[in-house]
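**Q**
Residue numbers (this note's numbering): 59 to 247.
#1: In the DSSP assignment, find the unbroken alpha helix (DSSP H) run with residue 158 in it and report its ends.
#2: Along the chain, where does the beta strand (DSSP E) containing residue 108 start, and where does it finish?
#3: Tell me whether the region 208 to 215 and the region 173 to 190 touch, counting them as touching only if at least three CB pairs, one residue from each stretch, are closer than 8 Å.
#4: For residue 240, count neighbouring Cβ atoms within 10 angstroms of its own Cβ and tell me buried if that reaches 16, exposed if not.
#5: Whole angstroms is fine: what's the gap from residue 116's alpha carbon to residue 176's?
#6: Of all the options 213, 132, 156, which has the alpha carbon lying nearest to the alpha carbon of residue 247?
#7: Measure the CB-CB distance between residue 168 and residue 82 and report whether it falls below 9 Å.
#8: Between the region 194 to 203 and the region 111 to 128, can you find at least three pairs of beta-carbon atoms closer than 8 Å?
#9: Apart from the five residues on each side of it in sequence, which residues of its chain come closer than 8 Å, Cβ to Cβ, to residue 238?
#10: Buried or exposed, going by whether 16 or more other CB atoms sit within 10 Å of the CB of residue 200?
#11: Is the beta carbon of residue 156 less than 9 Å from the beta carbon of residue 91?
#12: Please go through the region 186 to 218 and give each complete beta strand (DSSP E) segment of 3 or more residues, from N-terminal end onward.
#13: For a quick check, are the C-beta atoms of residue 24 and residue 136 less than 9 Å apart?
#14: Can you tell me the Cα-Cα spacing of residue 94 and residue 134, whole angstroms?
#15: What whole-angstrom Cβ distance do residue 88 and residue 138 have, given they're in contact under 8 Å?
#16: Which value, in whole angstroms, describes the spacing of the CA atoms of residue 105 and residue 130?
Here you go:
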């Protein structure tokens, strides 16, 4: 009877691939320590987990020279596609640089809809330049950052792809006025 060494890394990869192809595989969000996204990504990828760390190029300046540098699109976060079970959750929690998986317990983790991940993946594959943008919702209090109305605060009442209806109210009079603005000029107040 011959005993051959078993490569545990191959066995683990096969186990992880089985979870990846499972119909119950979902997208989870991993929250990392500041600037640890790549470290967490590399550790988990070596264990066979299917991860997505979207990056975008930004211009940086060092010693008077400008250069483009890839940075995480969502600093402090990366995405995991997996059919979660308690054993895998515990394995993930041991990762150096990982703060936690978003959500509650291992069986109550928050998931990201596949369509949202697919949209980000398509954007990354397109190579089009992307820039961070504030997350704005209708009904949210916002502040104008540039232009003649810079510094004003109001409520974002209606949004389409590029424009939003900015509402300024006088509560005592129960009256409001609105102006349509480019949403790139607005940030959450």
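C-beta: ideal position from N, C-alpha, C; glycine also. A quick note: this is a predicted structure, and the numbers were derived from the prediction, not measured.
**A** Taking the geometry as given:
#1: The residue you call residue 158 lines up with position 100 of the chain shown. It is not in any alpha helix (DSSP H) - residue 158 instead sits in the beta strand (DSSP E) that spans 156 to 159.
#2: By one-based count along the chain shown, residue 108 stands at place 50. Taken as a continuous stretch (DSSP letters only), the beta strand (DSSP E) holding residue 108 covers 108 to 110.
#3: no
#4: For the purposes of this step, residue 240 is taken as residue 182 along the chain shown, with counting starting at 1. Answer is exposed; the Cβ neighbour count stays below 16.
#5: Sequence index remark: in the chain shown, residue 116 carries index 58 (1-based). Sequence index remark: in the chain shown, residue 176 carries index 118 (1-based). Taking the straight line joining both Cα atoms gives about 22 Å.
#6: Within the chain shown, residue 247 is the residue found at index 189, counting from 1. For the residues 213, 132, 156, the minimum Cα distance to residue 247 belongs to 213.
#7: One-based indexing of the chain shown puts residue 168 at position 110. One-based indexing of the chain shown puts residue 82 at position 24. Taking 9 Å as the Cβ cut-off, residue 168 and residue 82 do not qualify as a contacting pair.
#8: no
#9: On the chain shown, residue 238 is found 180 positions in, with the first residue counted as 1. 221, 222, 223, 224.
#10: Taking the first residue of the chain shown as 1, we reach residue 200 at position 142. By the 10 Å Cβ count, residue 200 comes out buried.
#11: Against the chain shown, residue 156 aligns to sequence position 98. Against the chain shown, residue 91 aligns to sequence position 33. Cβ distance < 9 Å, so residue 156 and residue 91 count as in contact.
#12: 199 to 202, 211 to 217
#13: Because residue 24 is not part of the residues shown, which for the chain are 59 to 247, the question remains open.
#14: Position 36 of the chain shown, counted from the start, is the residue given in the question as residue 94. Position 76 of the chain shown, counted from the start, is the residue given in the question as residue 134. If you take the alpha carbons of residue 94 and residue 134, they lie about 7 Å apart.
#15: Stepping through the chain shown from its first residue, residue 88 is reached at position 30. Stepping through the chain shown from its first residue, residue 138 is reached at position 80. With a Cβ gap of about 6 Å, residue 88 and residue 138 count as contacting.
#16: Numbered from its first residue, the chain shown carries residue 105 at position 47. Numbered from its first residue, the chain shown carries residue 130 at position 72. If I take the Cα positions, the gap works out to 21 Å.
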